[in-house]
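The block underneath contains the structure these notes are about, expressed in structure tokens.
Chains as they are written, first to last, in UniProt numbering: chain Z, 1 to 372; chain L, 1 to 372.
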């Protein structure tokens, strides 16, 4: 393996992590792996004990007088502002960041907090590491959780440059990709690119609850893709959707308008303009989908796809990819597509368009069944 | 490669394919590869010439008196019934199938066709091969298009057993997985598992048309998955959605009801019961998503996932999968996840739950960075 994290760290530490759930414990593990001193605290004695046991730092003792460089508030969203406020007052020399996934509400609550001065708020930076797992709790934590994932900084107009720098160093030391925007911009962005997709996937999957089995047996990759995130945790999403309700609901008004237009068209499919309306819906989806950036953060790029038939046995896909690697062609994406009831799989491979014909020729001459 | 198609064919032929677009030409190619005589006809002289040139069969000459065993109507959905009717009358000894993706409307139109007798309709079987491509036209055709894909037979109560047998042999000879249900059942099933996902994906992607670029730069795999099929062809989907409008619209009423409930909840996020309402939406999505069958057609199965960090260079993923194959573990699914702006990728791998720990141990001792 050539993935390394041996570059110098930026934070000096110590770092105090308040809240040892999945994210807090993962932050502790990641910082400890880089040699930074980490203190842990959680209202649950067992949660903080687990976090300490797996190496995420040492439990903050009541008599401990350590002055942290940085306090990371990793509490549940609905108590985040209160914990941030307490931390700002208790550690008057520390920078305090939180990692809640919705930012404007936390900032508004802190601004209204009469116990906090402008000097206190200068040391606060709201942040959102866009990483997570399907599991929760300290046991699921891992130090590499943030590697190559976006981490958004949302400093207020009161935040001191030095505090923003410290928040940025936290994200960088954990291997994340840092970007910066206002809390309002952030919440608007995630309403659209994270919360709305979750809602649409859940609304669709919900329709499948009473579907006859013979209908579901025809399910293809399209249905699987659109419903994958419908498997998300209800407890977490209640807090996220509730905290960003005004921004999300604006997008839902737009969806409802389009949906009503579509329903009206489908109720009168022979009416003048019905075909045009349907074509417009699909075309607008084409246009929106095409704007999603490519996987490497570059402009959206139309990769070329090809499909190869393989046996569904261990080692077949590996052998295929080995031969592709030997030809020096880099995979951009890969998708497995089994069909119900048969143990032949299709591997869909995407490569840069200029490499496609070379790959087709190469694989065909090496005995693979390529479906162009 | 061990994928072979050297089993005996079932159709005797000749088979006449009316319509040499993507599907008709693919059927011709697949049957020719199995040695079956194929005749081609298309209103477009150039389309049928291309189909003949690439080996899908020979063009039916005006003076040709061949009596086909089977006529496959592969015309656009809105002219399918008319072409089926003509074929039943012109070839009184042939079985006639169509392959349009919505079935009840075609059958209803044929039943109302006064030029057709019950004896004629006994020779007709509506079918739907659930295969397609992002490209259209005879140039995009391939004989293996139907391999391992579902092919639904929808015989009416008038269909003769011998005609159904011939339709089934067509699907089997092309390597498809045959199932059988009524036209109404079929149209109800695809409304839910194919047409509704398309609409939801398009409705979501449509919202992205005016998104600021900085918001889109935070896009993750969730958004990409939910919007993938939003890139589909408007011209094709206008016909499909229009032809299945009544069944699709029923599901859209359900979506609209849930959407209105959600909007109402989000407009009053502090109201009693708001959290419960949000949790219910996500939970119902969980329940529906869990009913989608596993990739091998078995019951939905919770595969165990693990994530491995790899360099984004040719051959890395191949090397990883080779080592997994050497350990004798079969991949159930695989997902690549690059992050914007960094050339380190994560490979998410799913295996049977009982194999997970073995694989983690094996990969870890072989120097891979496994994110559990």
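No residue lacks a Cβ here, since even glycine has one placed at the ideal position from N, Cα and C.
Quick caveat: nothing in here was measured; it's all calculated off a predicted structure.
CB contact below 8 Å: residue i versus chain C
i	result
residue 48(Z)	Here the protein chains are Z and L, and chain C is not one of them.
Test item: CB-CB of residue i and residue j under 8 Å
i	j	result
residue 259(L)	residue 207(Z)	no
residue 161(Z)	residue 146(Z)	no
residue 95(L)	residue 278(Z)	no
residue 123(Z)	residue 88(Z)	yes
residue 288(L)	residue 205(Z)	yes
residue 360(L)	residue 370(L)	yes
residue 75(Z)	residue 141(Z)	no
residue 9(Z)	residue 173(Z)	yes
residue 331(L)	residue 317(L)	no
residue 276(L)	residue 262(L)	no
residue 325(L)	residue 254(Z)	no
Cutoff 6 Å; reference residue i; Cβ partners in own chain excluding five residues on either side
i	result
residue 20(L)	40, 42, 47, 48, 51, 138
residue 196(Z)	251
residue 169(L)	10, 11
residue 156(Z)	107
residue 334(Z)	349
residue 355(L)	329
residue 81(L)	106, 109, 110
Top-ranked residue by Cα proximity to residue i, from the options
i	options	result
residue 126(Z)	142(Z), 73(Z), 287(Z)	73(Z)
residue 368(L)	196(L), 319(L), 66(L)	319(L)
residue 30(Z)	236(Z), 171(Z), 307(Z), 262(Z)	171(Z)
residue 107(L)	182(L), 195(L), 283(L), 188(L)	182(L)
residue 229(Z)	220(L), 233(L), 230(L)	220(L)
residue 283(L)	131(Z), 306(Z), 202(Z)	202(Z)
residue 62(L)	53(L), 308(L), 90(L), 188(L)	90(L)
residue 136(L)	26(L), 254(L), 80(L)	26(L)
residue 292(Z)	156(L), 308(L), 213(L)	213(L)
residue 307(L)	53(Z), 144(Z), 262(Z), 225(Z)	144(Z)
residue 216(Z)	324(L), 190(L), 92(L)	190(L)
residue 175(Z)	164(Z), 159(Z), 151(Z), 163(Z)	151(Z)
residue 218(L)	180(Z), 235(Z), 22(Z)	180(Z)
residue 119(Z)	82(Z), 211(Z), 159(Z)	159(Z)
residue 44(L)	322(L), 59(L), 357(L), 35(L)	59(L)
residue 65(Z)	271(Z), 92(Z), 184(Z)	92(Z)
residue 210(L)	224(Z), 290(Z), 311(Z), 100(Z)	290(Z)
residue 164(L)	194(L), 121(L), 185(L)	121(L)
residue 357(Z)	305(Z), 184(Z), 285(Z)	305(Z)
residue 194(L)	184(Z), 224(Z), 112(Z), 194(Z)	224(Z)
Per-residue DSSP class, three states only, for residue i
i	result
residue 211(Z)	coil
residue 346(Z)	strand
residue 128(L)	strand
residue 368(L)	coil
residue 112(L)	coil
residue 150(Z)	strand
residue 292(Z)	coil
residue 179(Z)	strand
residue 34(L)	coil
residue 313(Z)	coil
residue 329(L)	coil
residue 308(L)	strand
residue 59(L)	strand
residue 8(Z)	coil
Beta-carbon proximity list for residue i, same chain, < 7 Å, skipping 5 on both sides
i	result
residue 243(L)	77, 102, 105
residue 274(L)	265, 268
residue 364(Z)	370
residue 32(Z)	38, 55, 56, 57
residue 373(Z)	Given a span of 1 to 372 for chain Z in the structure shown, any question on residue 373(Z) remains unanswerable.
residue 131(Z)	145, 146, 149
residue 187(L)	102, 103, 104, 244, 247
residue 362(L)	327
residue 366(L)	323
8 Å Cβ shell around residue i - same chain, five flanking residues per side excluded
i	result
residue 199(Z)	241, 248, 252
residue 84(Z)	73, 96, 98, 106, 110, 124
residue 69(L)	11, 12, 13, 14, 15, 94, 95, 166
residue 341(L)	Residue placement at residue 341(L) is poorly supported in this model, since its pLDDT is 43, which falls under 50; the coordinates are not used for a value here.
residue 18(L)	24, 41, 42, 71, 72, 73, 74, 75, 83, 87
Proximal residues, the stretch 172-198 of chain Z versus chain L, C-beta separation under 8 Å: Under the 8 Å Cβ criterion, the stretch 172-198 of chain Z contributes 177, 179, 181, 185, 188, 189, 190, 192, 193, 194, 196, 197, 198.
Positions along the stretch 212-232 of chain Z whose CB lies within less than 7 Å of some CB in chain L: So the list reads 214, 215, 216, 217, 218, 219, 220, 222, 223, 224, 225, 226, 227, 228, 229, 230, 231, 232, given in the order they occur along the chain.
Cβ-based contacts, 7 Å cut-off: residues of the stretch 273-289 of chain Z near chain L: Taking 7 Å as the Cβ-Cβ cut-off against chain L, the residues of the stretch 273-289 of chain Z that qualify are 274, 275, 278, 279, 281, 282, 283, 284, 285, 286, 287, 288, 289.
Near-chain Z residues of the stretch 104-118 of chain L (beta-carbon distance less than 9 Å), N- to C-terminal order: Residues: none.
Residues of the stretch 121-134 of chain Z whose Cβ lies closer than 7 Å to any Cβ of chain L, in chain order: Residues of the stretch 121-134 of chain Z with a C-beta less than 7 Å from any C-beta of chain L: 130, listed in chain order.
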